[in-house]
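Let me begin by presenting the structure, written as structure tokens, before commenting on it.
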Amino acid sequence: MKKVDFFDITSKHISKLSENEKKLYNFIIRNMDEVKHLTIRSIASKCYVSPATFIRFLRKIGFSGYSEFIAILKYTDYDPIKNHNPFVVSQEEYRLEYLKNIYETVRVLDHKNIDKIIQYLATNPRIVVMARGLNKSIAHYFEYLFSGIGFEVVFPEDHYFRYMILNQIRDTDLVFFLSYGGEDKKLINDIEKLNIKSKATIISITSANNNSVQNLSHINLYVFADSIEFNGIDMTSRISMISIIEIIAYKYMESIKKNKHENM
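Quick note on numbering: the UniProt record's numbering labels position 227 of the sequence shown as 227, and the sequence is numbered without any gaps.
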């Protein structure tokens, strides 16, 4: 029998949360390991709310109180970097977790941030995509998709091309960083340089854990996935990243059609 975890309980309540409540929800997801060991006063203090406000929030997302919340959180196996290799569990169980990761990624997607990105895209910026390792495959798809929509997309594949692009970034550029773990030292260095040299908007897609790439970005969208390493190589699924990229693309296309219809 499958044990109930945090996401099983909260998923059906997310759509009813206010913007401030979504911030509390995001804080829990990004600091899950730390939150498991905090008192109600400690976590309320970190979230800049009163203990009573946090208790009301917990009840709104399906918990009877703080004790149940902590108990369920301790049963929730979510560590995107140190998670178990899914292939040691049954394929049936892994298929369920695979679908659940996609579902949760889309379910908790911050639509306010998506709307901001659509507004940026409406100005027809040049799009620059930064990625390394397995994320480069996703960057190629990103480049194909948005080039097809009509954007100028630049994806510097190697170190030297990336170095040249960094020195040619425009203030109006939209720069996407794709980094699952969010701790790639070279990409972190690239973002730090960009923040110093330009006013370009930096958007990152990373795992949900608190990470450097996320914290250095103007907008962060996070994904869920079970970390897989085989023969020392990162094999973690990027399907949730693709889901977010497609949602951005399709929502932009929808906005274009809507504007054309209104101007007829």
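Note that beta-carbon positions come from the ideal geometry of N, C-alpha and C, so glycine has one too.
Since we're looking at a predicted model, the values are computed, not measured.
{"Asked": "Among residues of its own chain, excluding the 5 on either side of Ser-243, which ones have a beta-carbon nearer than 7 Å to its beta-carbon?", "Found": "Ile-102, Thr-105, Val-106"}
{"Asked": "Hey, how far is the Cα of Ile-14 from the Cα of Arg-132?", "Found": "33 Å"}
{"Asked": "Near Ile-61, which residues of its chain fall below 6 Å by C-beta distance, leaving aside the five closest residues on each side in sequence?", "Found": "Thr-10, His-13"}
{"Asked": "For Glu-246, tell me which candidate among Ala-44, Tyr-141, Arg-126, Thr-123 has the shortest Cα-Cα distance.", "Found": "Tyr-141"}
{"Asked": "Relative to the C-alpha of Gly-148, which candidate in Ala-249, Val-175, Leu-174 has its C-alpha closest?", "Found": "Ala-249"}
{"Asked": "Does the separation of the CB atoms of Asp-110 and Lys-22 fall below 8 Å?", "Found": "yes"}
{"Asked": "Taking the straight line between their C-alpha atoms, what separation do you get for Asn-26 and Glu-183?", "Found": "19 Å"}
{"Asked": "Helix, strand or coil: which one does DSSP assign to Asn-220?", "Found": "strand"}
{"Asked": "Pick out whichever of Tyr-222, Ser-204, Glu-229 has its Cα sitting closest to the Cα of Ser-240.", "Found": "Tyr-222"}
{"Asked": "Which whole-angstrom value describes the C-beta separation of Phe-54 and Phe-63, a residue pair presumed to lie in contact below a C-beta threshold of 8 Å?", "Found": "About 11 Å; that fails the 8 Å criterion."}
{"Asked": "Give the DSSP bridge partners of Ala-131, in chain order.", "Found": "Leu-178"}
{"Asked": "Inspect the beta-carbon positions of Val-129 and Leu-178 and report whether they are closer than 8 Å.", "Found": "yes"}
{"Asked": "If you draw a straight line from the alpha carbon of Lys-116 to that of Lys-251, how long is it in whole angstroms?", "Found": "12 Å"}
{"Asked": "Which one or two residues does DSSP pair with Ile-205 in a beta bridge?", "Found": "Leu-178, Leu-221"}
{"Asked": "Three Cβ pairs or more, each shorter than 8 Å: is that satisfied between the region 205-212 and the region 162-171?", "Found": "no"}
{"Asked": "Look at the alpha carbon of Ser-217 and the alpha carbon of Tyr-66, and state the distance between them as a whole number of angstroms.", "Found": "32 Å"}
{"Asked": "Considering only the alpha carbon of each residue, which of Asn-135, Ile-256, Thr-206 lies closest to Ile-233?", "Found": "Asn-135"}
{"Asked": "Would you kindly work out how many angstroms separate the C-alpha atoms of Glu-192 and Leu-174, rounded to a whole number?", "Found": "15 Å"}
{"Asked": "So, for Phe-7: in the same chain, excluding its five sequence neighbours on each side, which residues have a beta-carbon less than 6 Å away from its beta-carbon?", "Found": "Glu-104"}
{"Asked": "Which residue wins for smallest C-alpha separation from Phe-224, given the options Asn-124, Pro-125, Thr-206, Ile-40?", "Found": "Thr-206"}
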